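Chains as they are written, first to last, in our numbering: chain P, 1 to 110; chain L, 111 to 228.
A virtual CB, placed ideally from N, CA and C, is assigned to each residue, including glycine.
Fair warning: this is a prediction, and the values are worked out from it, not measured in the lab.
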């Protein structure tokens, strides 16, 4: 099953803006919405961005999503220590008829 | 408030079977797609299967096709995953998740651990 490509790691200092990329193809990101999730060890995934770059209630506007062609990005501004976590992108893929995830990006707040 | 509560966790031998359940509340279950997503220890998230609102469409990741069956009971607001011919690589925390469309994963349960080992 195809996967979306994310950098394995990212880092930043408190207050900085960091972006995490997610690269796909025409059958997934190129034609469907991208979702972003935050995962802390031992906890269920939390939705950060869904559908057309919308944020669920309770997710601060420091988190934002964007898409261009077959790629997407998650931007986190005003980085905080509690943002240290694993981040995953996901999208429906028309060629496999299923949801595919990126491999995850471990964000470290220095 | 949306609540998704998984159950059915357990230790099973390779080749064995297990049935997971997900009890939904706080939303109109019959009009939502439902999914199973898993995370193996130390690994990333992997979508497993989903099922359309009326159960007429079901999709699976290749690695579980022919072994796992997703089903739902809208009268009981419940989602199920029947897992047969289990393998060590099926060991993971399994989450149920709801969404308005086929590719959506809007709300998640807390997960249930399946361990396949002899």
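- Chain L has a Cβ within less than 8 Å of the Cβ of residue 44 of chain P.
- Secondary-structure assignment with DSSP links residue 130 of chain L through a beta bridge to L:191.
- Apart from the 5 residues on each side of it in sequence, residue 11 of chain P sits with its Cβ closer than 8 Å to the Cβ of 18, 107, 108, 109 and 110 in its chain, given in chain order.
- Residues of the region 132-146 of chain L with a C-beta atom less than 8 Å from some C-beta of chain P are 145, listed in chain order.
- Taking 8 Å as the CB threshold, residue 163 of chain L stays off the interface with chain P.
- For residue 168 of chain L, the enclosing beta strand (DSSP E) covers residues 168-170.
- Unbroken beta strand (DSSP E) runs of no fewer than 3 residues, entirely contained in the region 39-77 of chain P, are found at 46-49, 63-68 and 71-76, following chain order.
- DSSP places residue 223 of chain L inside the beta strand (DSSP E), whose first and last residues are 222-226.
- A residue is called buried once 16 or more other Cβ atoms fall within 10 Å of its Cβ, and residue 79 of chain P is buried on that count.
- A distance below 8 Å separates the beta carbons of residue 146 of chain L and residue 191 of chain L.
- Put simply, of L:154, L:173, L:150 and L:113 the residue whose alpha carbon is nearest the alpha carbon of residue 202 of chain L is L:150.
- If you look at residue 157 of chain L, you'll find it in the beta strand (DSSP E) that goes 155-161.
- Going by C-alpha positions, residue 125 of chain L is about 15 Å away from residue 179 of chain L.
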